[in-house]
Amino acid sequence: MDRIGISRRDYLLGTGALVLATTLAGCGARGRTPTPTPTRSPTEPTLGSEPDYGTWFDGVSTYTGTEDWRGRETVTVIVGSKGSLGYFKFAPPAVAVSPGTTVRFAWSGHGGSHDVVALDGSFTSGPLTDRPGHVFEHRFETPGVHRYYCTPHRGMGMRGAVTVLA
Numbered sequence: 009m010d011r012i013g014i015s016r017r018d019y020l021l022g023t024g025a026l027v028l029a030t031t032l033a034g035c036g037a038r039g040r041t042p043t044p045t046p047t048r049s050p051t052e053p054t055l056g057s058e059p060d061y062g063t064w065f066d067g068v069s070t071y072t073g074t075e076d077w078r079g080r081e082t083v084t085v086i087v088g089s090k091g092s093l094g095y096f097k098f099a100p101p102a103v104a105v106s107p108g109t110t111v112r113f114a115w116s117g118h119g120g121s122h123d124v125v126a127l128d129g130s131f132t133s134g135p136l137t138d139r140p141g142h143v144f145e146h147r148f149e150t151p152g153v154h155r156y157y158c159t160p161h162r163g164m165g166m167r168g169a170v171t172v173l174a
């Protein structure tokens, strides 16, 4: 069996060149503009009186109140929105809707793989996915607070709620 002869010096030089090339390739992305994450309008109305969420939103940095989306047939919540720890939030985290409203959970493609799971087990988006544009829809009929979370990121504050008001 033939053995390829390579000196230790040539091996180290080749490895060093590879590391340098990889490092410089990463620097080339510096001037590129990242793909923006969809955001919601900052002018959405909020409820005058907040539903009782208990401690559900403790540690959810993006929670500032419940957005009032009653009267709409379909509303969209972004999955993988940016928060203080990265793309591990729902945007908005809390919405109020009318009975019969469909909530469309739309994946941003940021923050790794996500899912949407009801705390009470009444709905789930299925397996984790990181695919941008993936959509899961759920129609909310029953009045009350419906809490949900992302399985791998729940501890990072990726929690939300849909409040159905009659």
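So the sequence shown is numbered by the numbering used here: it starts at 9 and just counts up by one. Even for Gly, the Cβ is constructed at its ideal location relative to N, Cα and C. A quick note: this is a predicted structure, and the numbers were derived from the prediction, not measured.
One alpha carbon belongs to Val172, the other to Phe96, and they sit about 24 Å apart. The beta carbons of Ala102 and Tyr61 sit closer together than 9 Å. Between Thr70 and Gly163, the C-beta spacing is not below 9 Å. Judged by beta-carbon spacing, Val143 lies beyond the 9 Å limit of Phe98, meaning their Cβ atoms are not closer than that value. For Thr74, the three-state secondary structure derived from DSSP is coil. Excluding five sequence positions before and after Gly134, none of the CB atoms of its chain fall closer than 6 Å to its own CB.
Going by beta carbons, Val87 and Ser116 fall inside the 9 Å limit. Here Pro100 is near Gly168, since their CB atoms are less than 9 Å apart. Membership of Ser130 in any beta strand (DSSP E) is not indicated, and neither H nor E is assigned to it by DSSP. In this structure, DSSP gives His122 an extended state, which the three-state scheme calls strand.
Residue environment: Glu149 is assigned as exposed (fewer than 16 neighbouring CB atoms within 10 Å of its CB, all protein chains considered).
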